[in-house]
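Visitor:
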Amino acid sequence: MKVIKIDKSEFNAGLEKLENAYRLFGPVKEQSYYAFKALDAGEKPDLEYTNTRLSAKSLLYPQSEVLFEYSLDKSDADYAILKEPEKDYSPRAVIGIRPCDADAFAVVRRNFETPEYQDTYWLKNYDATTLVGLACDNPVPTCFCTSAGSGPFNEANLDVLLVDTGDAYLARVLTEKGEKLADSAGWTKPADQSEEDVSKRRSEAESKIKSRVNTENLKDQALTSLYDADAAIWEKEAFSCINCGTCTYACPTCWCFDVQDENYGKSGVRIRNWDSCMYPLFSVHASGHNPRGQKLARIRQRFMHKLKYYVDKYDKGIQCTGCGRCVRMCPVNIDIRRVCNQMNSYDPESCSCAVTS
Amino acid sequence: MQNPYKPYPVRIDNITVETEDKSLKTFKFVFLNPEDEKKFAYRAGQFAELSIAGLGEIPIGIASSPTEKGFVKFTVFKTGKVTSYLHAMKEGDIMGIRGPLGNSYPWDLLEGKNVVIIGGGFAFTTLRSSIVSMLQPENRSKFKDIHVIYGARSPGMLLYKDELTAWAERDDINMHITVDGTDDPDWKYHKGFVPAITEQEAPPAGTDTYAIICGPPIMIKFTQPVLDKLGYRHDQIIMSLENRMKCGVGICGHCNIGKELVCKDGPVFTLEQLNKTPKEY
Ligand SMILES: Cc1cc2nc3c(=O)[nH]c(=O)nc-3n(C[C@H](O)[C@H](O)[C@H](O)COP(=O)(O)OP(=O)(O)OC[C@H]3O[C@@H](n4cnc5c(N)ncnc54)[C@H](O)[C@@H]3O)c2cc1C
Ligand code: SF4
Ligand code: SF4
Ligand code: FES
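Chains U and A, in that order, are what the protein sequence lines are. Going by our numbering, the first sequence opens with residue 1, and the numbers climb by one from there. Going by our numbering, the second sequence opens with residue 358, and the numbers climb by one from there.
(1) Would you say residue 27 (chain U) faces chain A, with C-beta separation under 8 Å as the test?
(2) From which residue to which residue does the alpha helix (DSSP H) around residue 576 (chain A) run?
(3) Counting only beta-carbon atoms, is residue 31 (chain U) nearer than 8 Å to chain A?
(4) What residues are listed by DSSP as bridge partners for residue 597 (chain A)?
(5) Kindly examine ligand 1 and report whether one of its heavy atoms sits closer than 7 Å to the Cβ of residue 624 (chain A).
(6) Which residues, in order along the segment 362-375 of chain A, keep a beta-carbon less than 9 Å from a beta-carbon of chain U?
(7) Three-state secondary structure (DSSP) at residue 613 (chain A)?
(8) Is it the case that the CB of residue 331 (chain U) approaches a heavy atom of ligand 2 more closely than 7 Å?
(9) Can you tell me the Cβ-Cβ gap for residue 130 (chain U) and residue 101 (chain U), rounded? I've got them flagged as a contact below 8 Å.
(10) Relative to the C-alpha of residue 216 (chain U), which residue among U:111, U:164, U:147, U:264 is closest?
(11) Which residue comes first and which comes last in the alpha helix (DSSP H) that contains residue 203 (chain U)?
(12) If we define contact as Cβ-Cβ less than 8 Å, is residue 639 (chain A) a contact residue for chain U?
(13) Using CA atoms only, rank isn't needed, just tell me which of A:456, A:454, A:455, A:433 is closest to residue 445 (chain A).
(14) Going by DSSP, what residue range makes up the beta strand (DSSP E) through residue 532 (chain A)?
(15) Residue 100 (chain U) by DSSP, collapsed to three states: which one?
(16) For residue 633 (chain A), count the other beta carbons within 10 Å of its own beta carbon; 16 or more makes it buried, fewer makes it exposed. Which is it?
(17) At 3 residues or longer, what runs of the beta strand (DSSP E) sit wholly inside the segment 411-491 of chain A?
(18) Going by DSSP, which residues form a beta bridge with residue 571 (chain A)?
(19) Listing by chain order, which chain U residues have their CB less than 8 Å from the CB of residue 408 (chain A)?
(20) Residue 123 (chain U) and residue 105 (chain U): beta carbons closer than 8 Å?
(21) With DSSP as the reference, identify every bridge partner of residue 27 (chain U), one or two as the case may be.
(22) Could you name the residues of the segment 575-601 of chain A whose beta carbon sits closer than 8 Å to any beta carbon of chain U, in the order they occur along the chain?
(23) Residue 239 (chain U): buried (16+ other C-beta within 10 angstroms of its C-beta) or exposed?
(24) Give the straight-line distance between the Cα atoms of residue 265 (chain U) and residue 136 (chain U), rounded to the nearest whole angstrom.
(25) Using a beta-carbon distance cut-off of less than 8 Å, what residues from the segment 237-266 of chain U approach chain A?
(26) Is the segment 434-441 of chain A close to the segment 280-300 of chain U, with three or more CB pairs under 8 Å?
(27) Kindly indicate which residue of U:349, U:56, U:117 has the alpha-carbon position closest to the one of residue 609 (chain A).
(28) Would you decide whether residue 414 (chain A) is buried or exposed? Buried here means 16 or more other CB atoms lie within 10 Å of its CB.
(29) For residue 643 (chain A), is the classification buried or exposed, using 16 other Cβ atoms within 10 angstroms of its Cβ as the cut-off for buried?
(30) What residues in the segment 99-112 of chain U bring their beta carbon closer than 9 Å to a beta carbon of chain A?
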């Protein structure tokens with residue numbers, strides 16, 4: 001691995017060079033909040049941010065995405081035939097993504113790429129993207145990445161990690177994609193200090209993260225006994241939830257989608273839109289029967305999916321990177337850390353509450 | 358990489374009204390590109406997404422049998438947006454099908470066994486596929502006794518009536534057709550609900566006897582205790598689920614029961630498997 005020193009005074013010049021080879025994306029302040037955005041020519045990412053309000057998932061998986069186009073004009077030769085639209089899969093680079101959001105891509109990739117089926121839209125976006133991460137020096141109280149398989153300096157799913165050392169960035173070039181990007185930017189100056197400095201900063205950042213989730217028992221807990229823990233867990237959590245779905249939209253690791261056809265006169269598109277298991281329509285049958293008709297069943301689905309079904313299915317930890325967005329944004333203070341710890345320590349035998357079967 | 362959401366274009370070759378209330382029609386499709394038919398190689402029990410540009414997609418069980426070549430058939434109940442539109446479409450119209458999807462009935466396991474098929478209402482589609490396939494001369498010897506218990510509200514609500522009558526004449530399949538009630542004096546089959554007929558007619562349980570049940574929830578609810586009473590083990594009871602679906606390929610997250618995705622890990626499960634999952638179906 002190469003470590004390069006980029007003086008902050010030269011950073012923007014590098015970005016300008018990158019504009020020739022990549023479409024650039026980065027965090028930008030929009031009114032009171034930060035969001036990931038395609039940068040206009042000359043526009044610079046604002047790297048003084050903590051994190052974006054919504055996650056970075058839309059970079060690879062837009063909230064609404066056209067899958068197909070079709071003609072509804074009977075006189076057209078290709079009337080009613082679905083055709084994939086031309087899309088821009090040219091190289092793109094994301095500048096300043098947080099390690100937790102990059103780690104979320106590895107989590108959702110297990111869903112989008114399976115031996116039997118590959119989601120070509122997500123994967124082509126992923127392959128076209130180079131991820132330049134920004135190490136997190138000032139985690140906030142809702143961060144718990146270090147116990148959720150991620151970390152403020154985690155490099156596992158980045159191509160480059162930038163570490164801010166005051167007047168310069170140390171760029172840890174981690175992959176071939178990263179090397180290509182560093183070359184295009186003209187970032188070549190080897191760093192003199194490095195390992196020790198970086199590990200000191202890493203430990204400092206990690207020590208600022210005070211909250212955690214305990215996950216070590218999740219795998220061994222019986223799936224049906226957690227599912228049936230209505231009185232111990234689900235009734236209390238469901239009581240205040242208003243099923244607004246904010247948690248699922250904000251989350252970098254929620255991947256569910258709906259598909260709709262949208263017509264404009266004699267043509268139309270088949271689009272997919274982020275969907276949320278918090279909504280009753282998500283699972284209702286045409287007959288009106290709904291396997292998750294109750295709010296309790298839906299909130300249970302969200303947590304069981306992230307903290308049990310995913311754990312059992314992939315054996316790669318929980319479906320959560322500890323970014324804390326759902327904790328910060330839930331209007332009624334439902335906190336995945338509390339739910340996770342309850343699930344982890346749940347014992348149907350010793351539980352004094354009446355466990356329904 | 359193949360786009361898993363892209364349907365094969367098909368033409369509606371034939372439409373048959375199946376039931377007296379016209380709520381069920383069978384659609385026979387032919388592929389616009391003949392080579393797509395080979396890619397659509399399927400097994401009985403699988404389903405497909407029927408795709409209508411401008412309306413959307415619906416998951417429907419494949420009613421034709423893998424042994425029937427040159428077309429695929431689906432029987433569709435008119436209920437909501439897409440199914441109502443489909444019912445109004447005409448022979449010659451162009452649409453799409455995407456599949457085959459799902460796991461099918463466990464044919465490797467069923468080989469050499471007695472097979473008891475129990476169906477109710479319009480959930481008989483993939484059962485028709487199975488029966489037609491098992492009765493083919495090249496396949497019939499692979500199975501021991503075949504029993505079919507199939508019920509509908511009235512004679513006019515039975516699907517595939519001509520085939521049912523023809524099968525009832527054969528001696529290599531035991532047909533037990535029933536209706537909830539009828540005032541037709543010439544009705545020569547059973548009268549009564551499927552669970553009751555199952556209790557009378559189903560063969561006794563045995564290590565090599567397997568039951569496949571498809572039907573409305575209420576039928577399944579009352580048939581399962583009957584099979585329990587007859588001594589069927591839960592790994593010998595096979596069911597097909599119909600959760601709400603979108604992608605059909607295990608990606609959109611709509612159809613899960615616990616960690617299983619009904620579209621990809623199912624729709625066919627044994628009762629033993631279902632006992633270990635949340636009852637979200
Ligand atoms: C594996 C499987 C096999 C099926 N086989 C048959 C069959 O052989 N014959 C038949 O008539 N019906 C079958 N169904 C049920 C059929 O899919 C629904 O009746 C149909 O989707 C209703 O669509 P709609 O647009 O008319 O209804 P609406 O209520 O208007 O539904 C709108 C949309 O929601 C989705 N949706 C709604 N209900 C269901 C549902 N129960 N299952 C899946 N998606 C749903 C679809 O995308 C649908 O287009 C099957 C369902 C599944 C899951
Ligand atoms: S954000 Fe909070 S209130 Fe809204 S659906 Fe999620 S858990 Fe429920
Ligand atoms: S569940 Fe909450 S904390 Fe975990 S990744 Fe999603 S938004 Fe972040
Ligand atoms: S229908 Fe999309 S995951 Fe099953």
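Where a beta carbon is used, it is the ideal one built from N, C-alpha and C, also for glycine. Fair warning: this is a prediction, and the values are worked out from it, not measured in the lab.
Guide: Let me lay it out:
(1) no
(2) 574-587
(3) no
(4) A:625
(5) yes
(6) 362, 363, 364, 366
(7) strand
(8) yes
(9) 14 Å between Cβ atoms; not a contact.
(10) U:147
(11) 195-207
(12) Nothing can be reported for residue 639 (chain A): it is not among the residues displayed for chain A, which extend from 358 to 638.
(13) A:433
(14) 531-536
(15) helix
(16) exposed
(17) 413-418, 429-434, 451-458, 471-477
(18) A:476
(19) 82
(20) no
(21) U:36
(22) 599, 600, 601
(23) exposed
(24) 49 Å
(25) 255, 256, 257, 258, 259, 260, 261, 263
(26) yes
(27) U:117
(28) buried
(29) Nothing can be reported for residue 643 (chain A), as the shown portion of chain A is limited to 358 through 638.
(30) 111, 112
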